Every structure is written in C-alpha cells, then in structure tokens.
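Enquirer: Below: one structure in structure tokens.
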Amino acid sequence: MRARQPPIPYDCPSCKKRPINAKATTVFVRGLVLWIKMGEKTSIGCVGCVRASVFRETGLSLLIGWFSPFALVINPFMILLGALQGTFLGKNSGAARRYLQDRGFPTGVEGDLNRTAYALAVALMAGEWTDEAASRGWREAVMVKRENLSIERMNAVVEIGQNLIPTFESSDFEWYVVMSKELGHPLHIAQAAHRILTAEQRATLNSFLSAILAKLEFPARRREAFAAVQSAVL
Ligand SMILES: [Zn+2]
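Structure representation (structure tokens):
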C-alpha cells in the first residue's frame, strides 16, 4: 500500500474555504454552423466547486452546443457524460496533486525541491509565460523552444542540478522540458515554494537558479525575471 499523503496545502481557488482535493476534466461541444468545436476544460478545487464547474460546462453545452448537424448527434452523449461525471465526482486528491506538480507547484510532499527546481529552470529558460511568447505562432514557438532549451543548455542545467541536489534526475528534468507550455507562471511557483519549502530547500533552489544565471546567456529582461523569482523564493 502507498503511504498516506498529506493534504494539498492550497485552498480551493473558487471558494477559498476548503482545501483542493478534486480534479475533473470536462469535454465540451460547441456546434458551429457547419462543424463542431470540441475542447476540454480542467478544474481543480474542492469537490463541491469542481462538481459545480462540471455542471456549469455541461449546462453550457446544453444551451449552446447544438448549432451543427454533428453536434446534434454527439451532444446528448456529452451532456449525459458530464451529468454522470458531476454526480459521481468524489475526492481525488491524487489527480489534483499530480496536476499541480506537472505545473511545477510544490504540494507538501517529498520531491518538492526537485520539482520546483526543474519547473523554475525550464519556465525561466523557455519564457513561454512572457507577452512576447504569446504573440508567436506555433511554428515559431517550436523554433524558439528548441533554441532556449537546446541540448547544450539542458546539459549545463543538469550538471548544475546534480552538483547541488543529490537526487536531481535528468529524466525528470526532461519531463518538465516536454511540459514547458503547461507550467505555471514562474513567479507563482516561486511564491508557492516560499510558502511550502523549508529554509534550507529555498537556499538550495536559490543557489541553483544563481548558478544557471551565471552559466548561461540570457537577455536583460530575463535576467530581471530571474532576480524577481529568486527574491520571491527566499
Ligand atoms: Zn471550493
């Protein structure tokens, strides 16, 4: 049996009263005149708020999901699925925790230092949260990511990480490189790290980011972002 995990140390983003302990991904359908648009929306929070969000999304499909022939066929199934999902939604802290961890947030468990180190390094190197990145088309975004996270740059970070954090794993770091677009804003991750990591872990995280900044080239504005993130961590 797996060891019992501590509660997730964040309040539900909707009600701010109960801790986060549920996650749901709803599939929605919006029928355009000739074709449909499908998408998914993930919510995390307390069970009550996540359930409300599933029903809200399903209700929206009920109202505006009908405007194409194919949507007429598929939408009833989607609505039924949403209704069942909302009705039977229970606590699933494991899924909510994984969702937060994949975005780089510490969740009060072992491995938080590593995860925040991987996520902050990748977020600061890739810069996908910047206004500049938001204006890029996908092709250009791929090119820029390849440049910012080149093999040489990644190897340099792995070397720094392994020197400072004995459990630093290059394969885990690469997972965050793959997930780079999904990561939280580095300042938000830093603020969470400040709240949740120990003083010693925060000092290590700070040295790790300083070493990356000293080793690799960055434009002036990104260097400022490093400084802001580092002071938020400490
Ligand atoms: Zn809530």
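Residues 65 to 298 in our numbering are what the sequence shown spells out, letter by letter.
Here a beta-carbon is modelled for each residue, glycine too, at the ideal position from N, C-alpha and C.
For clarity, every value in this text was computed on a predicted model and none was experimentally measured.
#1: Buried or exposed: F92, going by 16 or more other Cβ atoms within 10 Å of its Cβ?
#2: Sort A289, S234, S132 by Cα distance to L251 and report the nearest one.
#3: Using a Cβ-Cβ cut-off of 7 Å (strictly less than) and excluding sequence neighbours within five positions of M65, which residues of its own chain qualify?
#4: Pairs of beta-carbons, one from the region 73-85 and one from the region 119-126, closer than 8 Å: are there three or more?
#5: Could you spell out the range, first to last residue, of the alpha helix (DSSP H) harbouring S157?
#6: In chain order, what are the residues with a CB under 7 Å from some non-hydrogen atom of ligand 1?
#7: What does DSSP give as the partner residue(s) for K105 in the beta ladder?
#8: For D195, is the classification buried or exposed, using 16 other Cβ atoms within 10 angstroms of its Cβ as the cut-off for buried?
#9: Which value, in whole angstroms, describes the spacing of the CA atoms of V222 and E233?
#10: Please state whether DSSP places G311 in a helix, a strand or coil.
#11: Which term fits I100, buried or exposed, when burial requires 16 or more other beta carbons within 10 angstroms of its beta carbon?
#12: At which residue ranges does the region 165-195 contain complete alpha helix (DSSP H) runs of 4 or more residues, listed in the order of the chain?
#13: Between T268 and I229, what straight-line distance do the alpha-carbon atoms span, to the nearest angstrom?
#14: Beta-carbon within less than 7 Å of K209's beta-carbon, same chain only, minus the 5 sequence neighbours each way: which residues are those?
#15: Residue range of the alpha helix (DSSP H) that H249 falls in?
#16: Using the C-alpha atoms, what's the distance from T171 back to E192?
#17: Quick test of your reading: F237 and G225, contact by CB under 8 Å. State the CB separation rounded to the nearest angstrom.
Expert: Quick answer:
#1: buried
#2: It is A289.
#3: Because M65 carries a pLDDT of 47, less than 50, the predicted location of this residue cannot be relied on, and no value is offered for it.
#4: no
#5: For S157, the enclosing alpha helix (DSSP H) stretches over residues 157-166.
#6: C76, S78, C79, K81, R82, G109, C110, G112, C113
#7: The partner list for K105 (beta bridge, DSSP) reads T90.
#8: Under this definition D195 is an exposed residue.
#9: 8 Å
#10: With the chain covering only 65 through 298, there is no way to say anything about residue 311.
#11: Around the Cβ of I100, a 10 Å sphere holds 16 or more other Cβ atoms; the residue is buried.
#12: 176-190
#13: 8 Å
#14: Once the five neighbours on either side are set aside, the close Cβ partners of K209 are A190, S244.
#15: Segment: none, H249 is in no alpha helix (DSSP H) and carries neither H nor E.
#16: Distance between the alpha carbons of E192 and T171 is about 23 Å.
#17: 7 Å
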